[in-house]
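Quick note: the sequence shown uses the UniProt record's numbering, first residue 1, plus one each step. C-beta atoms are modelled at their ideal positions from N, C-alpha and C, and glycine is treated no differently. All values derive from a computational prediction rather than experimental measurement.
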Amino acid sequence: MLNFFSNNPFRNLIYYENQVKQINQIAVSMKIWPNNKLKYQTQKLQLEIKKGKNLDKILPEAFATIKETCRRLLNINLFDVQLIGGIILHQGKIAEMKTGEGKTIVAILPIYLNALSEKGTHIITVNDYLAKRDFEWTGQIYTFLGLTIGLIQQNMPILERQINYNKHITYVTNSELGFDYLRDNMAINAKNLVQRGFHFCVIDEVDSILIDEARTPLIISGPSAIPTDKYLIANSLSQKLQKNLHYEVDEKSKNIILTDSGTIYSENYLKISNIYQIHNSWAQYVLNALKAKELFCKNQHYIVKQKEVIIVDEFTGRIMPGRRWSDGLHQAIEAKENIPIQQENQTLASITYQNLFLLYDKLSGMSGTAQTESKEFEQIYKIQVIQIPTNQPCIRKDLPDTIYQKEYDKWIAIANECFHMYQIGRPTLIGTTNIEKSELLAQILDKYKLPYNLLNAKPENISKESEIIAQAGKSHTVTIATNMAGRGTDIILGGNMKYMVKCIIKKSLIQYFNLKNFNNLHEINTIENLENNVKSVLLKLYIKLNKQSNISKLTRSSLEQYIETCFLANDLNNEEDKLSIKEAYENILALYKQKFIEDKKKVIAAGGLHVIGTERHEARRIDNQLRGRAGRQGDPGSSRFFLSLEDNLMRIFGGEKISNLMKTLKINESTPIESKLLNKSLDSAQKKVESYYYNIRRQLFEYDEVLNHQRKAIYTERQKILHTSYARDYILQYGESTIIEIIRFYKNQGFKICIKKKLATLLNLPYEIEMVLQKINSEQIQKFFCTQLYITYDLREAYLEQLRPGLIRQLEKYYLLQQIDKAWQEHLENMTNLRETIGWRSYGQQDPLIEYKNEAFLLFINMVTYIRETVIYLVMRSKLVIDSNLLTKN
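Structure below.
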């Protein structure tokens with residue numbers, strides 16, 4: 001059955017063989033069950049959990065239930081390797097499964113099993129599109145089995161988020177999950193909380209989320225009062241500064257260093273004596289302006305849309321609306337592009353992805369390319385990467401890299417390769433590293449008069465993403481894509497017939513129901529170039545729906561969602577409209593089936609999908625993701641990378657040595673090189689880059705780990721206050737702690753008079769108390785002031801209760817949360833400043849991390865002391881003016 005167990009790389013998987021056999025046996029016995037009995041499985045398994053059975057014991061039966069449900073609803077029979085993947089995910093590990101092996105379906109297995117405990121499970125995806133797609137497609141499995149499913153999307157209101165997070169299973173993107181966590185810990189009312197804890201999650205494309213995006217923390221920020229005119233002045237200055245004379249560019253670390261002459265020139269230009277002075281520093285503005293000039297390129301790192309700079313994700317090629325670079329860099333780029341500069345932001349709350357996902361009781365993930373980062377997964381996240389064999393042997397041919405001296409020659413060679421593949425009918429996917437390069441190739445192919453589909457981060461192209469990728473496997477198809485190519489979408493040889501038919505029906509129905517005052521159904525022009533027999537099926541569908549007319553009042557977006565549900569499950573509850581649409585879908589599928597089968601045979605005979613890489617990426621994983629588009633499920637295919645010595649990676653890491661070698665050997669500039677030695681050199685360069693970025697992420701994690709302990713303490717305290725209905729105890733506890741700390745501090749200093757004055761002021765005691773204080777000795781001070789705290793607070797409470805019942809309770813919680821938030825925001829700023837300057841300690845033979853921990857601890861103690869004192873001071877000294885304002889508002 002599992003003949004791959006004899007292979008050395010997968011020998012450890014033999015451990016799962018008995019479980020797979022057991023699952024398959026139970027699934028076979030379920031085939032004769034009626035639907036009602038299969039649906040009852042969820043209740044039965046939940047009952048067993050409540051009786052004390054652990055999840056491992058019920059795993060075979062739960063997985064068999066999913067396997068049989070997938071067979072009935074989706075017409076998919078899960079492979080043994082998919083069952084193994086599900087077991088690995090349930091164990092809290094990472095499953096590396098190659099592209100096209102059905103990772104999306106695999107996630108259903110452990111999610112269903114863990115959702116039975118009713119603590120909430122999350123499926124994390126990299127973008128809203130994939131979250132919605134998986135919610136609609138795989139969600140029907142859970143719904144059929146009686147579990148509730150939720151979906152979190154951008155701009156969703158609080159009430160909807162609460163409802164969706166409280167479902168058994170929630171689909172959410174990594175960024176929305178993180179921002180919701182931060183917002184929950186900034187809420188001033190328990191009614192505004194949306195999440196209910198972190199129990200179990202499966203992360204799709206785990207390497208993208210936990211590795212690629214882990215360099216940048218999630219930050220919620222608010223506007224600060226810093227003026228923006230400095231960015232414009234710094235931008236003008238940067239245009240006058242000359243590279244290698246006034247500043248040096250370190251491309252490896254993506255940093256700018258001002259030379260002495262650059263510093264002097266800047267100070268003369270700005271008419272100041274020192275650009276590094278503390279109270280009016282210009283250095284950061286100048287360096288950001290130079291980074292914007294040299295290191296951040298339009299249509300590569302960002303695009304400009306409607307006078308707004310929008311970041312392009314360097315790993316996926318997708319735009320990230322709403323995200324901004326921090327520390328003034330985004331404003332520097334806005335100044336460079338001559339668009340309105342938005343105010344710089346102050347950090348209100350932040351967390352790294354590392355510490356966010358470590359909140360889960362059990363964390364798991366899946367990817368096609370996780371093994372190269374297994375060390376980082378184990379060291380930071382404490383999760384193991386397990387490679388799972390393909391269901392069918394991979395027969396893709398990965399051809400040697402072809403290297404040219406000049407970039408121009410490389411692009412001409414790529415265009416020639418595309419032309420050749422087009423002539424023989426092979427579909428071709430060309431992966432580019434940024435928008436600019438994809439458009440350059442498109443212009444070259446225009447000269448060749450070669451038809452192509454262009455897919456990059458520009459808005460006009462993003463809308464066609466799924467449609468372009470779905471048909472990228474058709475014969476005579478050329479697809480140019482940035483790194484976003486096919487992330488989460490399979491390229492099927494011969495084209496995706498089901499997707500095409502769905503598009504035909506969707507577009508035709510949307511057009512039909514959006515036309516008004518039509519007289520003749522034959523005049524409806526659905527989609528161009530449709531065959532007559534397909535138009536005939538659509539015409540019958542129009543007539544049926546026109547008679548039923550139950551969906552004619554839907555809006556366009558609601559209509560799209562309604563039509564999508566018609567393609568999902570076999571069980572449509574006998575809804576007449578949906579059954580009619582499903583019938584038309586099946587009829588058109590039958591009409592196209594033979595055509596797609598023939599095209600698939602033609603593509604296979606030609607050699608399958610050919611993938612062209614136009615540049616090596618900084619990480620080997622990204623290259624492997626591109627290669628992995630071909631060779632799906634045992635399909636034939638090939639891949640080749642075309643490189644030049646002018647490419648960024650080659651230029652930064654050893655391109656000059658190779659160029660000198662070619663000159664020594666007198667190799668013609670236009671002659672390509674294929675060499676194992678050069679390939680090894682490139683692999684070595686990529687490993688260096690990977691190691692460099694790993695060190696950055698590890699350092700970020702180590703430093704944030706210090707802040708994370710503090711964050712947990714503050715957020716835990718905040719949650720307790722938020723959920724309590726009686727905050728008086730917290731106020732009095734803060735008061736007692738403050739009294740003890742003040743007495744201890746001043747007693748050690750020998751300032752007994754200061755103790756009495758400080759505490760009398762803090763507790764708002766009357767002037768007459770001075771006479772009593774003179775008679776108190778050191779031993780009685782603490783007891784006296786603690787007693788006064790309770791007496792004064794009782795009087796304050798009675799006074800405010802008389803004004804309005806319940807006012808004191810509101811005031812207590814307000815002051816507590818307000819001061820915690822204010823102090824935490826200032827603490828974050830102090831910690832950022834500390835982090836930026838602590839590196840200088842290394843010159844004094846001190847470990848910066850240890851020094852950072854020591855300084856951070858003192859800052860935290862000071863913050864806690866400040867919160868306690870301020871809260872007591874505010875509560876004890878609340879005046880009638882404040883109280884009357886509160887009353888007026890109410």
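- For the 7 Å CB-CB criterion, Thr-138 and Ile-169 do not form a contact.
- The three-state reading of DSSP puts Phe-198 in coil, since its state is none of H, G, I, E or B.
- The continuous alpha helix (DSSP H) containing Tyr-129 extends over residues 128–137.
- Tyr-404: member of the beta strand (DSSP E) spanning 402–404, first to last residue.
- The DSSP-derived three-state label of Thr-787 is helix.
- In the three-state reduction of the DSSP assignment, Lys-502 falls in the helix class, which pools H, G and I.
- Around Leu-359, the same chain offers Phe-198 as residues with beta carbons nearer than 7 Å, after the five sequence neighbours per side are excluded.
- Each residue's CA atom was taken as its position, placing Asp-80 and Val-385 some 19 Å apart.
- Counting of Cβ neighbours within 10 angstroms places Glu-96 among the buried residues, the total reaching 16 or more.
- Under DSSP, the beta-bridge partners assigned to Ser-364 are Val-202.
- Within the model, the alpha-carbon separation for Tyr-269 versus Leu-429 is close to 50 Å.
- For His-827, the CB contacts under 6 Å within the same chain, skipping 5 residues up- and downstream, are Met-863 in chain order.
- Closest in alpha carbon position to Tyr-866, among Glu-851, Tyr-843, Ile-820 and Arg-841, is Ile-820.
- Sorting Ser-466, Leu-493 and Gly-431 by C-alpha distance to the C-alpha of Thr-482 places Gly-431 at the top.
- Taking Asn-391 as the centre and dropping the five residues before and after it, the same chain places the C-beta of Phe-79, Val-81, Glu-101 and Gln-633 closer than 7 Å to its C-beta, in chain order.
- Taking C-beta atoms as the reference points, Ile-743 and Gln-782 count as a pair closer than 7 Å.
- Lys-544 and Ser-580 do touch by the CB rule: their CB atoms are close to 5 Å apart, below 8 Å.
- Segment contact: the stretch 229–241 against the stretch 358–377, fewer than three CB-CB distances shorter than 8 Å; contact not assigned.
- Under DSSP, Met-320 shares a beta bridge with Ile-311.
- Here the alpha carbons of Phe-641 and Leu-38 stand approximately 50 Å from one another.
- The beta-bridge partner set that DSSP reports for His-122 consists of Thr-170 and Cys-201.
- Scanning the stretch 416–462 for uninterrupted beta strand (DSSP E) segments of 3 residues or longer gives 428–431 and 453–455, listed from N- to C-terminal end.
- Contact check between the stretch 157–175 and the stretch 121–136: three or more CB pairs, one atom from each, fall below 8 Å, which counts as touching.
- Between Ile-714 and Trp-824 a beta carbon distance of about 6 Å is seen, short of the 8 Å cut, so the two are scored as contacting.
- If only uninterrupted alpha helix (DSSP H) runs of at least 4 residues are considered, those enclosed by the stretch 584–665 are 620–627, 648–652 and 655–664.
- Trp-840 is classed as exposed because its beta carbon has fewer than 16 other beta carbons within 10 Å across all chains shown.
- With 16 or more neighbouring CB atoms inside 10 Å of its own CB, Gln-471 falls in the buried class.
- Here the alpha carbons of Met-421 and Tyr-452 stand approximately 12 Å from one another.
- Where Gln-387 is concerned, the enclosing beta strand (DSSP E) starts and stops at 385–387.
- Counting every other CB atom within 10 Å of its CB across the protein chains shown gives Ser-364 a total of 16 or more, marking it as buried.
- With fewer than three CB-CB distances shorter than 8 Å, the stretch 399–407 does not count as touching the stretch 440–447.
- Ala-685 and Leu-649 do touch by the CB rule: their CB atoms are close to 6 Å apart, below 8 Å.
- Rounded to whole angstroms, the gap between the alpha carbons of Gln-242 and Thr-263 is 12 Å.
- Cβ neighbours of Ala-27 within its own chain (closer than 7 Å, five residues either side excluded): Ala-64, Lys-67 and Glu-68.
- In the DSSP secondary-structure assignment, Thr-347 is bridged to Ser-221.
- If only complete runs of 4 or more residues are kept, the stretch 680–767 shows the alpha helix (DSSP H) at 728–749 and 752–762, in order along the chain.
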